[in-house]
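Chains A and V are the protein sequences, given in the same order.
In short: position in the first sequence from 1, add 108, done, that's this note's numbering.
In short: position in the second sequence from 1, add 6, done, that's this note's numbering.
Input: a single structure, listed below in structure tokens.
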Amino acid sequence: MRRFDYHRAETLEQASRLLTELGDDTFVFNGGTDLLVEIRERLRRVRNVVDIKQIPGLSDITYDETRGLTFGALVTVGRLENLSLVRQRYPNLRSALASLGSIQVRNRATVVGNICRASPSADTIPPLVADGAFVHIYSRTDMRVVPIAEFFTGAGKTVLAKGEIVTGITVPPAADNIGKAYLKHGRRKAMELSTVGVAVSLAMEEGVCSDIRIALGAVGATVLRAPQAEAMLRGTRLDAAAVRNAADKAMEECTPISNVRASADYRRDMVGVLTGRAIKQALETFA
Amino acid sequence: MNMTTPIEQREFRIVGKSVKRDDVLEKVTGEAQYTGDIKRPGMLYGKIKRASIAHARIKAIDVSKALAYPGVKAVLTHQNVPRVLHYGSPHPRSASCTKDQYILDDKVRFWGEGVAAVAAISEEIADEALDLIEVEYEALPAVFEPEDAVQPGAPLIHDVGPGGNLVLDPVRVNRGDIDKGFSEADFILEGTFAGGRPHPAYMEPNVCIADWDGSNKLTFWTSTQTSFMVRGILAEVLGLPLTKVRVLVDHMGGGFGAKQDVFQHEFLCALLAKETRRPVKMEFTRHETFVAGRSRHPCRIWLKQGFKNDGTLIARDMKLVYDSGAYGSHGPGVTIVGTTAATSLYRCENVRLEGRCVYTNTPVNGAFRGYGVVQSYYALDIQMDEAAERLGMDPAELKLKNVVRAGDIAPSGHPIIGHGLEICLKHGIDVLNWKRLRSRDRTPDPKRPQIRKGWGIGCEMHGSSAYPGIKEQGNATVKINEDGTVTLLTGAAGLGTGAHTALAQIVAEELGVRFEDVGVIHGDTDVVPWDIGAFASHTTYLVGTAAKMAAGKVRAAVLERAAMKLQVSSDEIDLCDGKVFVAAEPDRAMTVSEAMGPSRGIPAANIVANGTYEPTKSYSFAAHFTEVEVDTETGIVEVKRVVPVHDVGRVIHPIAAQGQIEGGIQQGIGHTLTEDYLIDKKTGRSLNAGLVDYKMPLSMDMPDIETIILEAAPDPGGPWGAKGVGEDPIIAIGPSIANAIYDAIGIRFHHYPIIPEDVLKALREKGA
Ligand SMILES: Cc1cc2nc3c(=O)[nH]c(=O)nc-3n(C[C@H](O)[C@H](O)[C@H](O)COP(=O)(O)OP(=O)(O)OC[C@H]3O[C@@H](n4cnc5c(N)ncnc54)[C@H](O)[C@@H]3O)c2cc1C
Numbered sequence: 109m110r111r112f113d114y115h116r117a118e119t120l121e122q123a124s125r126l127l128t129e130l131g132d133d134t135f136v137f138n139g140g141t142d143l144l145v146e147i148r149e150r151l152r153r154v155r156n157v158v159d160i161k162q163i164p165g166l167s168d169i170t171y172d173e174t175r176g177l178t179f180g181a182l183v184t185v186g187r188l189e190n191l192s193l194v195r196q197r198y199p200n201l202r203s204a205l206a207s208l209g210s211i212q213v214r215n216r217a218t219v220v221g222n223i224c225r226a227s228p229s230a231d232t233i234p235p236l237v238a239d240g241a242f243v244h245i246y247s248r249t250d251m252r253v254v255p256i257a258e259f260f261t262g263a264g265k266t267v268l269a270k271g272e273i274v275t276g277i278t279v280p281p282a283a284d285n286i287g288k289a290y291l292k293h294g295r296r297k298a299m300e301l302s303t304v305g306v307a308v309s310l311a312m313e314e315g316v317c318s319d320i321r322i323a324l325g326a327v328g329a330t331v332l333r334a335p336q337a338e339a340m341l342r343g344t345r346l347d348a349a350a351v352r353n354a355a356d357k358a359m360e361e362c363t364p365i366s367n368v369r370a371s372a373d374y375r376r377d378m379v380g381v382l383t384g385r386a387i388k389q390a391l392e393t394f395a
Numbered sequence: 007m008n009m010t011t012p013i014e015q016r017e018f019r020i021v022g023k024s025v026k027r028d029d030v031l032e033k034v035t036g037e038a039q040y041t042g043d044i045k046r047p048g049m050l051y052g053k054i055k056r057a058s059i060a061h062a063r064i065k066a067i068d069v070s071k072a073l074a075y076p077g078v079k080a081v082l083t084h085q086n087v088p089r090v091l092h093y094g095s096p097h098p099r100s101a102s103c104t105k106d107q108y109i110l111d112d113k114v115r116f117w118g119e120g121v122a123a124v125a126a127i128s129e130e131i132a133d134e135a136l137d138l139i140e141v142e143y144e145a146l147p148a149v150f151e152p153e154d155a156v157q158p159g160a161p162l163i164h165d166v167g168p169g170g171n172l173v174l175d176p177v178r179v180n181r182g183d184i185d186k187g188f189s190e191a192d193f194i195l196e197g198t199f200a201g202g203r204p205h206p207a208y209m210e211p212n213v214c215i216a217d218w219d220g221s222n223k224l225t226f227w228t229s230t231q232t233s234f235m236v237r238g239i240l241a242e243v244l245g246l247p248l249t250k251v252r253v254l255v256d257h258m259g260g261g262f263g264a265k266q267d268v269f270q271h272e273f274l275c276a277l278l279a280k281e282t283r284r285p286v287k288m289e290f291t292r293h294e295t296f297v298a299g300r301s302r303h304p305c306r307i308w309l310k311q312g313f314k315n316d317g318t319l320i321a322r323d324m325k326l327v328y329d330s331g332a333y334g335s336h337g338p339g340v341t342i343v344g345t346t347a348a349t350s351l352y353r354c355e356n357v358r359l360e361g362r363c364v365y366t367n368t369p370v371n372g373a374f375r376g377y378g379v380v381q382s383y384y385a386l387d388i389q390m391d392e393a394a395e396r397l398g399m400d401p402a403e404l405k406l407k408n409v410v411r412a413g414d415i416a417p418s419g420h421p422i423i424g425h426g427l428e429i430c431l432k433h434g435i436d437v438l439n440w441k442r443l444r445s446r447d448r449t450p451d452p453k454r455p456q457i458r459k460g461w462g463i464g465c466e467m468h469g470s471s472a473y474p475g476i477k478e479q480g481n482a483t484v485k486i487n488e489d490g491t492v493t494l495l496t497g498a499a500g501l502g503t504g505a506h507t508a509l510a511q512i513v514a515e516e517l518g519v520r521f522e523d524v525g526v527i528h529g530d531t532d533v534v535p536w537d538i539g540a541f542a543s544h545t546t547y548l549v550g551t552a553a554k555m556a557a558g559k560v561r562a563a564v565l566e567r568a569a570m571k572l573q574v575s576s577d578e579i580d581l582c583d584g585k586v587f588v589a590a591e592p593d594r595a596m597t598v599s600e601a602m603g604p605s606r607g608i609p610a611a612n613i614v615a616n617g618t619y620e621p622t623k624s625y626s627f628a629a630h631f632t633e634v635e636v637d638t639e640t641g642i643v644e645v646k647r648v649v650p651v652h653d654v655g656r657v658i659h660p661i662a663a664q665g666q667i668e669g670g671i672q673q674g675i676g677h678t679l680t681e682d683y684l685i686d687k688k689t690g691r692s693l694n695a696g697l698v699d700y701k702m703p704l705s706m707d708m709p710d711i712e713t714i715i716l717e718a719a720p721d722p723g724g725p726w727g728a729k730g731v732g733e734d735p736i737i738a739i740g741p742s743i744a745n746a747i748y749d750a751i752g753i754r755f756h757h758y759p760i761i762p763e764d765v766l767k768a769l770r771e772k773g774a
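Right, dumping it as structure tokens:
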């Protein structure tokens with residue numbers, strides 16, 4: 109382990125100031141399940157960490173039928189995973205949460221930490237993208253809200269400027285006609301980073317798909333949408349042939365790389381398989 | 007059952023019962039002291055600078071900045087450590103080792119090899135100082151595959167040994183007449199097989215602490231399976247008598263064979279401590295356990311066998327090439343054991359085998375559970391399945407026809423007493439109703455049409471003890487205390503298997519005291535009798551017999567003394583549960599403590615006895631019956647159910663034996679489906695030296711395992727017929743999975759790990 113200095117902020121203002129004033133190599137320390145590993149494995153140079161866990165007001169979870177689900181930066185994966193609301197209304201997010209690491213990791217890790225790390229394989233990002241979530245960002249001059257699809261600028265990179273802190277995430281409400289799924293592909297059933305992750309959110313009106321969002325994880329520098337595949341499915345009954353064609357299209361739309369976890373070709377194949385299966389599973393929500 | 011020496015039949019009080027392990031309370035409460043938990047006053051921390059190149063000469067090495075760094079106390083390089091050529095695995099009684107290592111050399115032979123070491127007041131400072139060491143390399147051409155390493159003109163990795171990058175001269179075994187065999191065959195099968203590089207990934211990373219006292223004596227705590235070997239080689243290389251080196255090992259978090267080498271960091275730790283006159287601790291990171299630890303030898307096998315139409319196996323021609331990595335380590339032993347193992351398992355009169363072991367510029371491969379046999383039996387068992395397919399026979403039937411039986415010569419060259427493979431196979435066939443399984447309805451489940459199910463069988467046999475490669479010896483000392491409690495002194499390491507519990511059970515049973523009354527002292531080379539090390543599935547078999555011998559002597563002495571006190575002859579009395587009594591009149595009795603204590607005219611007793619046992623070898627057997635599900639869209643293979651049927655002779659501790667079997671299966675599933683330590687074939691860099699991308703199956707991935715342990719074929723060489731169980735389970739599971747995959751999708755895989763991409767690709771090629 110490399111040495112670093114630890115600072116604890118009591119307010120957002122103080123945290124933001126520390127992040128700016130302590131100079132480069134200063135990072136927000138949330139659950140630490142990514143940050144500490146990166147320090148230990150020397151993947152990131154860190155001189156200072158700013159612990160935000162004592163800042164009040166960042167641990168709330170609220171839901172209302174117009175805004176949807178809002179949770180603060182300190183809300184752990186485990187807490188969200190065990191909410192019956194999440195289980196019922198956001199089965200795609202719930203499936204991502206339940207697949208993240210192990211129980212021990214989930215009790216420590218936060219969803220906000222997961223998105224701020226911006227790993228291409230992060231599990232909670234695809235469902236949040238498929239659901240059209242928003243990210244709340246604090247800076248000492250203003251607050252801004254960014255659609256999650258615009259939050260990522262590359263692998264490990266986000267729109268966050270120096271001194272900015274994510275305070276929470278809002279996921280739009282889930283109507284009764286919306287079906288959702290998230291499928292993760294890996295070699296293990298737990299403690300596994302995804303080789304491919306596919307999230308689907310779709311709306312059905314009288315047997316016809318009125319809207320669908322497909323989000324693909326670990327097959328690009330950031331989580332990708334599959335807009336052409338989605339377009340092919342809107343207005344259809346999501347019959348087997350339509351789904352098959354759209355899944356093939358999604359394979360074309362992704363940009364996977366080869367690494368020790370899988371080859372690009374295999375990842376592409378799995379985008380096809382998982383897209384088809386995720387749509388099927390999302391439809392089963394109504395069954 | 008065919009036995010030359012009768013095995014004592016008796017009612018057991020303690021043996022065969024799953025008594026509470028002696029270490030369990032300490033471990034669950036976290037009190038157990040592992041080497042990494044130990045802190046010495048004034049202790050420094052050592053770290054190793056590792057090469058960032060696979061093959062090179064060190065042209066220059068500048069440590070001045072590191073030495074000047076605040077908190078750094080010493081830096082070692084090849085320029086200031088003793089230059090002694092030594093063994094990596096210095097088994098004192100083995101002929102099959104290679105002297106090819108220096109503590110530090112001016113040559114680098116693999117990416118990640120240590121080139122310098124630092125001691126500092128904190129681990130962090132030591133780590134930071136590593137970056138300040140400047141090494142200038144002169145790159146040498148490197149070879150990463152055995153095929154390339156043996157080409158004429160390939161760069162030579164060592165200038166010792168037989169040359170041509172061979173670790174040892176090829177191992178050749180010939181039995182019968184191979185040409186005649188093939189000429190009489192009705193058909194011939196030929197294939198090549200390849201095994202990956204699984205890594206043991208024991209929970210406790212390698213760790214040691216060195217501390218020199220004022221009399222220039224070295225005390226050395228280290229996580230090792232072979233403390234006396236560590237003592238011997240440290241003394242040799244440091245030029246010390248054995249009285250000046252004391253090696254200590256208490257609890258260990260596993261080793262799986264890999265912790266029976268002597269590692270570079272162990273020498274460096276001792277030398278840093280000597281240089282600084284302060285205790286020094288060195289602990290591997292997980293990354294280092296991969297890079298600087300030991301893995302299983304990748305292996306390429308060519309196998310050609312001739313069969314008769316009635317299923318008789320008549321000729322076997324086999325060539326094996328093991329990849330040793332950059333040093334010899336256990337390469338010779340693995341090659342000899344893995345190659346000669348192929349004389350057996352399925353009987354064949356005409357055999358020609360050739361095993362080679364080749365240096366490459368990759369991390370070192372060493373001893374690992376299954377020791378070369380995992381590789382060779384994978385090939386043998388899969389090809390036997392192919393023969394059954396060719397014959398239109400049930401593989402179970404063909405295997406049953408050909409398995410080794412009483413009277414056959416073991417790979418070690420001596421006749422096996424207690425053959426259990428046939429009975430293991432038969433038992434599994436019965437329990438599972440195998441015939442019905444074979445003829446089951448194979449229509450896919452309409453709810454999961456992409457899933458195919460299959461069943462496969464894998465067979466194995468494995469020796470307890472490394473005879474004849476190593477002339478083994480087990481030692482035990484048993485003392486009885488004045489209150490009737492008993493102390494066993496043993497050098498056998500406790501890797502976490504529960505071996506000390508089994509030894510205590512044996513002593514309590516033989517002596518006639520309660521299990522709770524036996525204490526075990528282990529892991530201090532200054533105190534316990536000499537020990538060869540905990541490996542080769544032999545601890546219970548070998549040290550167990552020595553302990554039984556010593557306990558028997560103590561029992562006789564106690565009986566004699568009690569007889570004197572009871573005024574009867576010693577053959578009239580018996581000793582049980584700590585009580586001595588006249589057999590015919592159980593009321594005439596005294597406790598062991600009364601027998602031991604002083605009484606008028608008789609001083610208190612001091613009874614100590616040694617047991618020394620030099621065994622040959624026993625063999626244990628297993629047949630694994632495995633069900634898999636193959637997802638034909640993703641290529642994922644899931645093991646659903648395993649019924650392992652093992653014959654291990656007399657079972658001393660059933661739960662511990664079962665634990666070994668389940669653990670071996672878990673490890674074997676990993677090796678067959680997910681685990682492979684990958685080396686970049688362009689640079690020699692490790693690609694997945696860590697637990698994120700080296701994929702071991704976890705508890706969630708485990709199938710149902712319904713372990714069956716038979717006591718069908720005991721060997722008189724072990725205590726009451728006990729044989730080894732440690733390595734067996736990892737051998738049979740692999741081919742059982744590969745055979746089950748064939749049963750499911752009709753595709754033969756000849757390699758491991760069989761990863762989803764391979765399955766999907768093969769399915770496509772087949773046009774499924
Ligand atoms: C054993 C193990 C298994 C894992 N398995 C998975 C898995 O299956 N799937 C998966 O997706 N991930 C996995 N992870 C990664 C990690 O647990 C998740 O990414 C987690 O959600 C990170 O949250 P955290 O609160 O711990 O983040 P931290 O480590 O505290 O922070 C992560 C990054 O986000 C920044 N950050 C955190 N909060 C904020 C904020 N409010 N504002 C601005 N920046 C912020 C930090 O500076 C840092 O750069 C695993 C990790 C471990 C150790």
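All C-beta atoms in this analysis are idealised placements derived from N, C-alpha and C, irrespective of residue type, glycine included.
Fair warning: this is a prediction, and the values are worked out from it, not measured in the lab.
Please classify residue i: is it buried, with 16 or more other beta-carbons within 10 angstroms of its beta-carbon, or exposed?
{"i": "N612 of chain V", "result": "exposed"}
{"i": "E189 of chain A", "result": "buried"}
{"i": "S366 of chain A", "result": "exposed"}
{"i": "T10 of chain V", "result": "The predicted model places T10 of chain V with a pLDDT of 40, which falls under 50 and marks its position as unreliable, so this point remains unresolved."}
{"i": "V253 of chain V", "result": "buried"}
{"i": "T35 of chain V", "result": "exposed"}
{"i": "L745 of chain V", "result": "The amino acid at residue 745 of chain V is misidentified as Leu; the sequence shows Asn. Per the 10 Å Cβ criterion, buried."}
{"i": "K585 of chain V", "result": "buried"}
{"i": "T775 of chain V", "result": "The shown model of chain V, from 7 to 774, leaves out residue 775 of chain V, and the question about it has no answer."}
{"i": "E118 of chain A", "result": "exposed"}
{"i": "R202 of chain A", "result": "buried"}
For residue i, which beta-bridge partners are listed by DSSP?
{"i": "C305 of chain V", "result": "V:G201 and V:Y328"}
{"i": "A125 of chain V", "result": "V:G52 and V:A80"}
{"i": "L291 of chain A", "result": "A:V306"}
{"i": "D217 of chain V", "result": "V:T225"}
{"i": "Y333 of chain V", "result": "In DSSP, Y333 of chain V forms no bridge with anything."}
{"i": "V136 of chain A", "result": "A:V158"}
{"i": "Y246 of chain A", "result": "A:M251 and A:I273"}
{"i": "D637 of chain V", "result": "V:I457"}
What distance in whole Å lies between the Cβ atoms of residue j and residue i, which are believed to be in contact at a cut-off of 8 Å?
{"i": "G732 of chain V", "j": "S471 of chain V", "result": "Not confirmed; about 12 Å, so no contact."}
{"i": "N138 of chain A", "j": "L182 of chain A", "result": "7 Å"}
{"i": "V286 of chain V", "j": "L50 of chain V", "result": "5 Å"}
Query raised in the report: In the stretch 553-611 of chain V, which residue ranges form an unbroken beta strand (DSSP E) of at least 3 residues, counting only runs that do not cross its ends?
Result: 579-582, 585-588 and 591-597
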